[in-house]
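Engineer:
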Amino acid sequence: MSKQVTFTLDGEQVTAEAGLTIWEVANGRGLKIPHLCHKPQPGYRPDGNCRACMVEIEGERTLAASCIREPAEGMVVTTNNARATSARKMVMELLVADQPAQDVAHDKSSHLWDMAELNGVSESRFPKLEEGHIPLLDDSHVAMNVNLDACISCGLCVRACREVQVNDVIGMAGRGHNAYPTFDIVLLCGLRRMRAGLPDRRADARHRGGRRAGRGSCRF
Ligand code: SF4
Ligand code: FES
-5 MSKQVTFTLD GEQVTAEAGL TIWEVANGRG LKIPHLCHKP QPGYRPDGNC
45 RACMVEIEGE RTLAASCIRE PAEGMVVTTN NARATSARKM VMELLVADQP
95 AQDVAHDKSS HLWDMAELNG VSESRFPKLE EGHIPLLDDS HVAMNVNLDA
145 CISCGLCVRA CREVQVNDVI GMAGRGHNAY PTFDIVLLCG LRRMRAGLPD
195 RRADARHRGG RRAGRGSCRF
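Our numbering numbers the first residue of the sequence shown as -5 and each following residue consecutively.
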């Protein structure tokens, strides 16, 4: 029999399989905790970087990202008090501030806007990104088309590509506020060559220092 852990979730005593995260246990009980960088699908590793899923754990100074935190025996977790819900709302407002407004969004029914609605957020009280800092569409290769102005730099696409698809074509460039997903054109070309039954030239390209990520056009 698998190991179990008993803890308190929103005032109720819960026994769950050890190794599940707080988010997974809550979700299994029908509790909706917002999530952005976490995709609850097989193979997707939670990363805990967007902080949309924060909950309060008794005795801890800071809120915890429930998508990566496993409950411990006797832990007391609260998902629905004022501190947790207002912190999650704040995160969502900060993210929405840098987005095109929902009525002009590229995808008006995106997961982000669903999660904003779950937090009761439709607009933000924070200033928008300055015009010159709004990233443009990246369609620099036939295999990519990313509206970077709608990207929250959550890194989910990087994990999906690297760990689920095992292609490792997407990475993050830049730091902090200026981080954005970027694409390895040499690898994209390699994938196209493999699909066409041609030898993969990736090793050669790497050897020549030809690994190149980001903007540009494919010459293959
Ligand atoms: S493009 Fe990638 S990093 Fe940007 S929001 Fe989508 S999944 Fe996250
Ligand atoms: S969904 Fe938990 S930190 Fe992003």
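Think of the CB as a built atom: it goes at the ideal place given N, C-alpha and C, for glycine as much as any other residue.
Only a predicted model underlies this, so the values are computations on that prediction, with no experimental measurement involved.
Looking only at its chain, what residues have a beta carbon closer than 6 Å to the beta carbon of L142, apart from the 5 residues adjacent to it on each side?
Structural biologist: P129, D132 and Y174
Engineer: When you compare the stretch 98 to 115 with the stretch 70 to 78, are there three or more beta-carbon pairs, one atom per stretch, that lie closer than 8 Å?
Structural biologist: no
Engineer: Does the Cβ of G149 lie closer than 7 Å to at least one heavy atom of the ligand SF4?
Structural biologist: yes
Engineer: Using a threshold of 7 Å, is the CB atom of N113 nearer than that to any non-hydrogen atom of the ligand FES?
Structural biologist: Not so, every heavy atom of the ligand FES lies at least 7 Å from the Cβ.
Engineer: Taking 7 Å as the cut-off, is the beta-carbon of I146 closer than that to any non-hydrogen atom of the ligand SF4?
Structural biologist: yes
Engineer: Using a threshold of 7 Å, is the CB atom of P175 nearer than that to any non-hydrogen atom of the ligand SF4?
Structural biologist: yes
Engineer: So does the stretch 24 to 41 actually touch the stretch 145 to 158, counting three or more Cβ pairs closer than 8 Å?
Structural biologist: Yes: the two stretches touch, three or more of their Cβ pairs being nearer than 8 Å.
Engineer: Spatial neighbours of R283 within its chain, please: C-beta separation below 8 Å, excluding the five flanking residues on both sides.
Structural biologist: Residue 283 lies beyond the stretch modelled for the chain, which goes from -5 to 214, so this question has no answer here.
Engineer: Nearer than 7 Å: is that true of the beta carbon of V163 relative to any heavy atom of the ligand SF4?
Structural biologist: no
Engineer: Any heavy atom of the ligand FES inside 7 Å of the beta-carbon of P40?
Structural biologist: yes
Engineer: I think I146 touches L89, with their Cβ atoms under 8 Å apart; what is that distance to the nearest whole Å?
Structural biologist: 5 Å
Engineer: Taking the CB atoms as reference points, tell me whether E50 and T15 lie closer together than 8 Å.
Structural biologist: no
Engineer: Would you kindly work out how many angstroms separate the C-alpha atoms of K122 and E18, rounded to a whole number?
Structural biologist: Their backbone Cα atoms lie some 33 Å apart in a straight line.
Engineer: Indicate the three-state DSSP secondary structure (helix, strand or coil) for H135 in the structure shown.
Structural biologist: strand
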